[in-house]
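Trainee: If you scroll down you'll find the structure; I have some questions about it.
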Amino acid sequence: MLGTIDGVQSVDYNYQIPMPESPLPVQAGMVSPILLKHRVDSSSLVIGLVDTSVQVPSELQNLFLPSVDVLPARTEAETPTHGTAMALTLLRALGIVTGGEASVKILPVNVFGESQMSTTFDVAAGIAAAVNNGAQIINLSLGTPVDSPVLKGVVEEVTRQGVVIVAAAGNEPTTVPVYPAAYSSVVAVTALDPATGTVAPYANRGDFVDMAAPGISAVPYGGKVYVVVGTSPAAAYVTGLLAGLANKSGQSLSEVKEQVVKTATAILGK
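Residue numbering for the sequence shown follows the working numbering, starting at 1 and increasing by one per position.
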C-alpha cells in the first residue's frame with residue numbers, strides 16, 4: 001500500500017539486530033594498560049563506532065568525540081558494555097600499529113539505547129550519523145542474516161563517498177552471509193583461534209569473508225580485566241589496524257584497505 005503513495009519510492013521491513021554479548025570478567029588476570037596518546041595534526045582521522053553506549057575511561061578522554069545517540073543513551077553500568085570493549089580493542093590495535101601516538105579519535109554512535117535489540121533502520125541511521133559527524137572509517141561489530149535494502153543503500157552510498165566500513169562476519173558458525181559484512185563494499189572480518197592460527201570453530205566463514213583477525217580481546221575496566229570473544233573484537237582489531245596504517249603512512253584509507261584485504265585474501269586462499 002505505501003509503495004503506491006505519491007512520494008514513497010520503496011518500502012522495507014525493519015529487522016531486529018541483537019546486541020552482541022558483553023565482555024565477561026576474568027577471575028585472575030592482568031592486562032597492560034592502553035597507553036595510546038592523541039597527536040594533534042592535519043592528518044586526523046575519525047573512527048565511527050556504531051555499537052552500544054561507550055563508557056570512556058577518564059585517562060583516554062582526548063581520544064574520543066562526544067557520543068551520538070540514535071536511541072536514548074543506555075544507563076552507565078558497573079561492567080563494560082560491548083561498545084566499550086570494542087573501543088578499547090581498536091585503541092589497542094591503533095597503539096600497536098602507530099607506536100603509541102596517533103592523530104585519531106573515536107566517535108561513539110549508540111544504536112541500542114536501553115534495549116537488547118537494535119534494528120536495521122537504527123544501524124543505517126547510525127552509519128549516516130557517523131559520516132555526518134566526520135567519520136572516515138566505521139566499525140560495525142554487529143550483524144543480521146537478513147539483507148535489508150535500507151541498510152544496503154546507506155552502506156553503498158557512504159562507501160561511494162570513500163568511507164571504509166569494517167564489519168563482523170558473525171559467530172554461528174555458518175557460511176550463510178551476515179549483513180552488513182556481506183555487502184561487497186564492506187570489509188568482512190572473521191575470527192582467528194589464537195591457539196591454532198586458523199579460523200575459530202565458532203566463527204562464520206564463506207565467500208563473503210575478506211580477512212581474519214584475533215577473536216579474543218582482554219580489556220581493563222574498573223580495576224578488573226574483562227574478556228570478549230568472537231568476530232566482534234576481530235572486526236575492531238582490523239578497524240584499528242586500517243586507521244593506524246593510514247594515519248601513520250599518510251595513505252588514504254581506501255588505499256590501505258585494498259592493500260590489507262588483498263594480502264589477507266591471499267592468506268585465506270581466496
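Ideal Cβ positions, reconstructed from N, Cα and C, are used throughout, including at glycine.
Compute the Euclidean distance between the alpha carbons of G99 and R92, then round it to the nearest angstrom.
Mentor: Approximately 10 Å, taken between the alpha carbons.
Trainee: The beta strand (DSSP E) spanning Y226 covers which residue range?
Mentor: Note, Y226: beta strand (DSSP E), K224 to V229.
Trainee: Output the residue ranges of the beta strand (DSSP E) runs that lie fully inside the stretch 31 to 113 and measure 3 residues or longer, sorted by chain position.
Mentor: Fully enclosed beta strand (DSSP E) runs of 3 or longer: 45 to 51 and 104 to 110.
Trainee: Taking one C-beta from the stretch 63 to 74 and one from the stretch 147 to 167 each time, how about it: are there three or more such pairs within less than 8 Å?
Mentor: Result no; under three Cβ-Cβ pairs closer than 8 Å.
Trainee: Using a Cβ-Cβ cutoff of less than 8 Å, which residues in the same chain neighbour T175 once the five nearest sequence positions on both sides are dropped?
Mentor: N204, R205, G206 and D207.
Trainee: State the beta-bridge partners of Q136 as determined by DSSP.
Mentor: In the DSSP output, where bridge partners are listed per residue, Q136 has none listed.
Trainee: Hey, L90 and L36 are a contact pair by Cβ (cut 8 Å); roughly how many whole angstroms apart?
Mentor: 10 Å between Cβ atoms; not a contact.
Trainee: For the beta strand (DSSP E) that L192 lies in, which residues bound it at each end?
Mentor: Unbroken beta strand (DSSP E) run through L192: V187 to L192.
Trainee: Looking at P108: is its Cβ nearer than 8 Å to the Cβ of A135?
Mentor: Cβ distance not < 8 Å, so P108 and A135 don't count as in contact.
Trainee: Quick one: using the 10 Å Cβ neighbour count with 16 as the cut-off for buried, is A124 buried or exposed?
Mentor: By the neighbour-count rule (16 or more Cβ atoms within 10 Å), A124 is buried.
Trainee: Does the stretch 247 to 261 come close enough to the stretch 216 to 227 that 3 or more CB-CB pairs lie under 8 Å?
Mentor: Contact between the stretch 216 to 227 and the stretch 247 to 261 is absent, because fewer than three Cβ pairs lie under 8 Å.
Trainee: Can you pull the DSSP bridge partners for D168?
Mentor: Note that residue 168 is Ala in the sequence shown here, rather than Asp. In DSSP, A168 forms a bridge with V189.
Trainee: Is P214 helix, strand or coil when you go by DSSP?
Mentor: Strand, per DSSP.
Trainee: So if DSSP puts I17 in a beta bridge, which residue, or which two residues, is it bridged to?
Mentor: According to DSSP, which records beta bridges pairwise, I17 is partnered with S118.
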